[in-house]
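Numbering (numbering that gives the first Met the number 0), first residue to last: 0 to 337.
The beta carbon of each residue, even a glycine, is placed where N, CA and C say it ideally should be.
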Amino acid sequence: MGRFNLYYLVIALTGGILFSVLKPEYNSELSFFGIAQSNETEINYNYPVVVEEILVKPGQEVKKGEILLRLSRRKAKETLQDQEYRIAELRAKKALWKLQKENEILENRIKLKAKLDELESQKNRLKQEIAYKKSLYDGLTLPGKNEAAYNYLEAELQNILEAENATRQLYEAKIAGLEKELQLGQSPYEEQIKKYEAEWEFEQAQDFQPIVVVAPSDGIVGDIKCKEAEHVSSFSTLMTFYEPHPNIVKGFVHEDLTLKVDIGQEFVVSSLKDENLKYSGKVIGLGSRIVKIPTRLRKIEVIKAYGREVLIEIPASNAFLQNEKVSIVHQPNPIQNP
């Protein structure tokens, strides 16, 4: 019986301790844990590159302008060959267009000659007929009747002369237009050829382009996600880069205490390893939903807890380590930062 009572007593004490530890502290100071982080910069390019040389290691401190990577941009041979094929195809079409224009000029010249020859024949026939009519009336004195016998023929001759002039003007204008097109090179393919030639020249110039990647500021090299001689595709991350000191603390406030944290509220952020490292920070962001608190940031790691993400900005001159676990405590009168 004594053992039975002792068992329940232990259970009751354990439950009481857990409740006192896990229950939200509504009336005590608001505190929770966080991780000190800095802004991460991902280095990548919007085109494929080849990694020629890696000059740094993960975790290495670097100064602004220090060389991190040597890369090269190499244009695929298939791209250049495709451009060359397109240019050759358009040049063939241009040559065919030129031949067609030359044939049109020749056809118009042949047509002009045929029509002028036909009109010349009609003109000669009328002239002969007029001459014949005039010879019949030679020596006769019939006032007004001599001219009437061949006036209509002279009118026809005049019409032929006018038709001859109009035909010559029409065909010569067509021929002149076609010859001008040829002379100016007004091929419908000319602009496309110039465009592809310009693109080809640009691609040739970009066939091998060395690239030097330098540190954008003083900082720390993060993950290196490439190897030397590796071909890296567009937008793939080559490496990450961090500022030298974390300036953001990410923590999680218990779901029952979310209403106690607001944007602009000030907290004291302290190191768990060195009690002398304390900085005043301000809430700059709040999560939009309740999430599971990461194991490392729970008060008791083995017990699941849920809360809201809180982002706190701290001075960049702090002495926290990257990803250091810190304590976050709300105080009415925050400390002055050094």
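Candidates the options: closest to residue i by CA position
| i | options | result |
| --- | --- | --- |
| Pro215 | Phe240, Ala91, Glu198 | Phe240 |
| Lys259 | Glu323, Val328, Lys224 | Val328 |
| Arg108 | Leu68, Lys303, Arg167, Gln82 | Arg167 |
| Val231 | Gln157, Tyr46, Phe32, Tyr195 | Tyr46 |
| Val248 | Lys194, Leu169, Ile292, Ser326 | Ser326 |
| Arg307 | Ala315, Glu300, Pro293, Ile313 | Pro293 |
| Gly33 | Glu178, Ile311, Ala318, Ser316 | Ile311 |
| Ser279 | Leu296, Lys56, Ala315 | Ala315 |
| Thr40 | Asp222, Lys93, Asp273 | Asp222 |
| Gln127 | Gln208, Leu115, Glu153 | Glu153 |
| Val48 | Glu227, Arg297, Lys110, Glu155 | Glu227 |
| Val290 | Gly284, Val252, Asn322, Gln264 | Val252 |
| Ile159 | Ala130, Glu119, Glu171, Ser134 | Glu119 |
| Glu106 | Pro331, Lys173, Tyr195 | Lys173 |
| Leu68 | Leu95, Lys298, Asn317, Val220 | Val220 |
| Val268 | Ile313, Val309, Glu161 | Ile313 |
| Glu103 | Gly64, Ala175, Lys114, Lys193 | Ala175 |
| Tyr305 | Trp96, Glu254, Ala162 | Glu254 |
Coarse secondary structure for residue i, derived from DSSP in three states
| i | result |
| --- | --- |
| Ile299 | coil |
| Thr236 | coil |
| Asp222 | strand |
| Gln82 | helix |
| Lys62 | coil |
| Ala99 | The amino acid occupying residue 99 in the given sequence is Gln; Ala does not appear at that position. Looking at Gln99 - three-state DSSP - the assignment turns out to be helix. |
| Gln182 | helix |
| Gln321 | coil |
| Leu70 | strand |
| Lys277 | strand |
| Tyr46 | coil |
| Glu227 | coil |
| Ile289 | strand |
| Lys193 | helix |
| Gly36 | It should be noted that the sequence gives Gln, not Gly, for residue 36. The answer is strand: DSSP assigns Gln36 an E or B state. |
| Ser216 | coil |
| Gly263 | coil |
| Lys388 | Outside the displayed span of the chain (0 to 337) sits residue 388, for which this structure offers no information. |
| Ser316 | coil |
| Leu21 | For Leu21, the predicted structure reports a pLDDT of 49, less than 50, and the residue's modelled location is therefore unreliable. A value from the coordinates is still provided. Looking at Leu21 - three-state DSSP - the assignment turns out to be helix. |
| Gln208 | strand |
Straight-line Cα distance separating residue j from residue i
| i | j | result |
| --- | --- | --- |
| Val50 | Gly250 | 37 Å |
| Lys224 | Tyr44 | 14 Å |
| Tyr84 | Glu178 | 29 Å |
| Glu60 | Leu276 | 22 Å |
| Leu256 | Phe266 | 15 Å |
| Ser30 | Ser270 | 13 Å |
| Leu21 | Lys281 | Note on Leu21: pLDDT 49, under 50, position unreliable in the model; no value is reported. |
| Ile262 | Leu54 | 42 Å |
| Arg73 | Pro187 | 33 Å |
| Glu347 | Leu98 | Only positions 0 to 337 of the chain appear in the structure, and residue 347 is not among them; the question remains open. |
| Glu300 | Lys324 | 14 Å |
| Met238 | Gln36 | 17 Å |
| Val212 | Phe234 | 15 Å |
| Gln321 | Asp273 | 15 Å |
| Glu101 | Lys132 | 47 Å |
| Pro57 | Ile302 | 34 Å |
| Leu115 | Glu163 | 6 Å |
| Ile210 | Glu200 | 20 Å |
| Ile192 | Ile42 | 37 Å |
| Ala113 | Ala130 | 26 Å |
| Ala91 | Gln157 | 49 Å |
| Lys194 | Leu95 | 20 Å |
| Leu296 | Gln264 | 21 Å |
| Asn317 | Asn336 | 9 Å |
| Lys122 | Leu89 | 49 Å |
| Ser287 | Gly64 | 38 Å |
| Glu52 | Thr236 | 16 Å |
| Lys298 | Ile66 | 43 Å |
| Asn38 | Val309 | 16 Å |
| Leu285 | Phe319 | 22 Å |
| Leu135 | Glu117 | 28 Å |
| Ile283 | Asp81 | 52 Å |
| Pro331 | Glu28 | 10 Å |
Interface flag, residue i vs chain D, CB-CB below 8 Å
| i | result |
| --- | --- |
| Glu308 | The structure shown has no chain D; it contains just one protein chain. |
Beta-carbon separation (whole angstroms), residue i vs residue j, contact threshold 8 Å
| i | j | result |
| --- | --- | --- |
| Gly218 | Pro243 | 5 Å |
| Ile86 | Glu196 | 6 Å |
| Gln182 | Ser71 | Wrong, their Cβ atoms sit about 46 Å apart, outside the cutoff. |
| Tyr151 | Leu111 | Not really, about 29 Å apart at Cβ, beyond 8 Å. |
| Leu125 | Glu155 | 6 Å |
| Glu189 | Lys93 | 7 Å |
Heavy atom of the ligand GDP within 7 Å of residue i beta-carbon
| i | result |
| --- | --- |
| Tyr195 | The ligand GDP is not among the ligands present in this structure, which contains no ligands whatsoever. |
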